[in-house]
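**Q**
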Amino acid sequence: MTREKPKNLWLSRWGFILAATGSAVGLGNIWKFPYITGEYGGGAFVLMYLACILAIGIPVMMTEIAIGRRGRGSPIDAISRVVKESGGSQLWKAVGGMAMLAGFMILCFYVVVAGWAFAYTVKMLDGSLAATSVEALGGVFEAHNANPWQLGGWSVLVALLTLWIVAKGVQKGIENAVRWMMPGLAVMLLVLVGYAFTSGGFSAGFDFLFTFDASKITGEALLAALGHAFFTLSLASGAILTYGSYLPDGQSVARTTFVVAICDTCVALLAGLAIFPIIFANGMSPSAGPGLIFMSLPLAFQQMPFGTAFGVLFFAMVSVAALTSAISMIEATVAYLNEKYGVSRFKAAAASGAVLLVISLLAMLSFNLMSGWTPMGKNFFDWLDYLTSRWMMPLGGIFIVLLAGYALRSDIMRDELNLPPLGYALWLFMVRYVCPVLIMVVFLHALGWLMFDPVAQWYWIAGAIGLLAVLGEMLRPRVVPALAGR
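Quick note on numbering: the sequence shown equals residues 58 to 543 in our numbering.
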């Protein structure tokens, strides 16, 4: 089969690395990672998180990039092409459709959360966050969300900035934007780490992040680490697969993936080193939960020298991180409309943006005018989060590794990954047996369908992987043709 000619390409390998890192580095790194690290005991959680990045994050990311580059298109088109090359069923392209839909739905509520960061940059500057307690700052946060014009205005601003960048194209829009946003984010983060070093709590923050305590390794912490490792790299949302389709031939998928994973992890750890010393220096709890960023930290900044200036810098950094992730979430949809229907990127972005604005405004209204509308105990914002994070992304991750591990011809992935025999064998073992089991464990536990003793669960996971490996090898001669539709 003649491979699809690429319509768009990154100008360089670093263009892809910056864009993919920007997709991965978002509120998950700077907002969620610090507070779940605090909730699950610090250093032990960090170690489990790093192990999970190796076990799930890197193999799945390599898979998405390889399929994207081979298929040269949006998630739907790329999967359709590689399956066709394997002589398989076109039903597999539904996996790409689910990934695209998941990314778009995430963006619909993500712009609201990103709007908080943009708003808090201004609030920190104009003194709106002047308060004497975390409870008082909680009131500020609630008042901000209760005002539909204020909350909606910031959400619309994030959406319009995202659409403006994406509409300009892969090279002139996305790549040019991340070339200054990602280095800028790194500089701001390093400045904040330097500021935290002078806070008086750096030693306590460093020990909290990197001191290993085996007693903190629990089943709940492991599952949290597994889940965060999967979601933090923007997997199964269409973003990485689409970005991979712009990667030039000849660039190593494995090396590129490792660089992105390392950059993403470094940002998360540096965010912890920027936040926890300030929290400890002010006698606050590192396990403050989601309020750590929007309640505890603003209070801590007020009590420190030059706190306002560094508070503004912090929320500006969070805003940039949020924007780079938002860009990647809508790119798959814009690419699909551009390639499938031949409309210009501007028209594709405008059409996507119209739908985005309507749905995101409904998500925003969940905090105020529609707060009373809670079918089955969840408002519209919560339903978007629940459906994407609990159902669509885990299922998409499972199907993408099953597609690569069982349904595609082995020479396709071998050619794209271009790994030495041992490296390819390791990747194949991970995507066939380890990743499906671990993602399924996260999926079932997130839905509340899987509960077991924290100690015994290690044996359950190991046993499930072993059983799947044995059954997979026994059934593969029959399963592969069936899955591939041959």
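For every residue, glycine included, the Cβ atom is placed at its ideal position computed from N, Cα and C.
Closest to residue 171 by C-alpha separation, out of 398, 469 and 351, would be which residue?
**A** The candidate whose alpha carbon is nearest that of residue 171 is 351.
**Q** To the nearest angstrom, how far is the alpha carbon of residue 325 from that of residue 263?
**A** For residue 325 and residue 263, the distance between alpha carbons rounds to 13 Å.
**Q** Which two residues bound the contiguous alpha helix (DSSP H) that contains residue 286?
**A** 276 to 289 is the span of the alpha helix (DSSP H), which, as asked, contains residue 286.
**Q** I'd like the list of long-range same chain contacts for residue 511, defined as Cβ closer than 6 Å, with 5 residues on each side in sequence excluded.
**A** Confidence in residue 511 is poor, its pLDDT being 47 and thus under 50, which makes the residue's placement unreliable; the coordinate value appears in the next sentence. Hits under 6 Å: 275 and 276.
**Q** Roughly how many angstroms separate the alpha carbons of residue 467 and residue 333, rounded to a whole number?
**A** Cα to Cα, residue 467 sits roughly 46 Å from residue 333.
**Q** Quick one: what does DSSP say residue 361 is sitting in, helix, strand or coil?
**A** Note: residue 361 maps to coil in three-state DSSP.
**Q** Using C-beta distances below 8 Å, list every residue in its chain close to residue 306, excluding the 5 sequence neighbours before and after it, in chain order.
**A** 126, listed in sequence order.
**Q** I'd like to check one pair, residue 313 with residue 392: are the Cβ atoms closer than 8 Å?
**A** No. Outside cutoff.
**Q** Which residues in the same chain as residue 445 place their Cβ atom closer than 7 Å to its Cβ, once the five residues preceding and following it in sequence are excluded?
**A** Within the same chain, residue 445 has close Cβ partners 159, 162 and 163.
**Q** Could you tell me the boundaries of the alpha helix (DSSP H) in which residue 269 lies?
**A** Note, residue 269: premise wrong, no alpha helix (DSSP H); not H, not E.
**Q** CB-CB under 7 Å to residue 471, same chain, minus the five flanking residues each way: which ones, in chain order?
**A** So the list reads 481, once near-sequence residues are dropped.
**Q** From residue 456 to residue 117, what does the alpha carbon distance come to, in whole angstroms?
**A** Computed Cα separation, rounded: 11 Å.
**Q** Which residue spans inside the stretch 287 to 331 form an unbroken alpha helix (DSSP H) run of at least 4?
**A** The qualifying runs are 296 to 301.
**Q** For the pair the stretch 240 to 250 and the stretch 392 to 412, tell me if three or more CB-CB distances fall below 8 Å.
**A** The stretch 240 to 250, when compared against the stretch 392 to 412, does not touch it at the 8 Å Cβ threshold.
**Q** What does the alpha-carbon distance come out to for the pair residue 152 and residue 389?
**A** Computed Cα separation, rounded: 13 Å.
**Q** Let me know the secondary structure DSSP gives residue 68 once reduced to three states.
**A** Residue 68 falls in the coil class under three-state DSSP.
**Q** Looking at the secondary structure, which residues open and close the alpha helix (DSSP H) in which residue 234 lies?
**A** Segment 233 to 254, the alpha helix (DSSP H) holding residue 234.
**Q** Helix, strand or coil for residue 187? Go by DSSP, reduced to three states.
**A** If DSSP states are grouped into helix, strand and coil, residue 187 belongs with coil.
**Q** For the stretch 359 to 441, list the alpha helix (DSSP H) runs that are entirely contained and at least 4 residues long, ordered along the chain.
**A** If we require 4 residues or more, the alpha helix (DSSP H) runs fully inside the stretch 359 to 441 come out as 364 to 398 and 402 to 422.
**Q** If you run the structure through DSSP and keep just helix, strand and coil, what is residue 451?
**A** It is helical.
**Q** Buried or exposed: where does residue 410 fall if 16 or more other Cβ atoms within 10 Å of its Cβ makes it buried?
**A** With 16 or more other Cβ atoms within 10 Å, it is buried.
**Q** Count the other C-beta atoms from every protein chain shown that fall within 10 angstroms of the C-beta of residue 430, then say buried if there are 16 or more, exposed otherwise.
**A** Exposed, because fewer than 16 other Cβ atoms sit within 10 Å of the Cβ of residue 430.
**Q** Among the residues of its own chain, which have a CB less than 8 Å from the CB of residue 70, if the five just before and after it don't count?
**A** Answer for residue 70: 304, 305, 308 and 313, listed in chain order.
**Q** Could you tell me which uninterrupted alpha helix (DSSP H) segments, each at least 4 residues in length, are contained entirely in the stretch 101 to 140, listed from first to last along the chain?
**A** Here the runs fully enclosed are 115 to 128.
**Q** Would you report the Cα separation of residue 498 and residue 278, rounded to the nearest angstrom?
**A** Taking the straight line from one Cα to the other gives about 13 Å.
**Q** At what residues does the alpha helix (DSSP H) containing residue 221 begin and finish?
**A** Taken as a continuous stretch (DSSP letters only), the alpha helix (DSSP H) holding residue 221 covers 205 to 224.
**Q** DSSP state of residue 99, grouped into three classes?
**A** Coil, per DSSP.
**Q** Going by alpha carbons, who is nearest to residue 574 out of 67, 82, 486 and 90?
**A** In this structure the chain extends from 58 to 543, so residue 574 is not present and cannot be described.
**Q** Buried or exposed: which applies to residue 505, given that a residue is buried once 16 or more other Cβ atoms fall within 10 Å of its Cβ?
**A** Residue 505 comes out exposed.
**Q** Where does residue 341 fall in DSSP's three states?
**A** Reduced to three states, the DSSP call for residue 341 is coil.
**Q** Does any residue of chain C have a CB that is nearer than 8 Å to the CB of residue 143?
**A** Of the protein chains in the structure, only one exists, and it is not chain C.
**Q** Any idea if residue 189 is buried or exposed, counting beta-carbon neighbours within 10 angstroms, 16 or more meaning buried?
**A** Exposed, since its Cβ has fewer than 16 Cβ neighbours within 10 Å.
**Q** Could you compute how far the alpha carbon of residue 317 sits from the alpha carbon of residue 83?
**A** Distance between the alpha carbons of residue 317 and residue 83 is about 13 Å.
**Q** When you compare each of 259, 176 and 465 to residue 144 by their alpha carbons, which one comes out closest?
**A** Of 259, 176 and 465, the residue nearest in Cα terms is 465.
**Q** Check for me: the alpha helix (DSSP H) holding residue 488 runs from which residue to which?
**A** Here residue 488 belongs to no alpha helix (DSSP H), and DSSP marks it neither H nor E.
**Q** Exposed or buried, which one is residue 133 when buried takes at least 16 other CB atoms within 10 Å?
**A** Label assigned to residue 133: buried.
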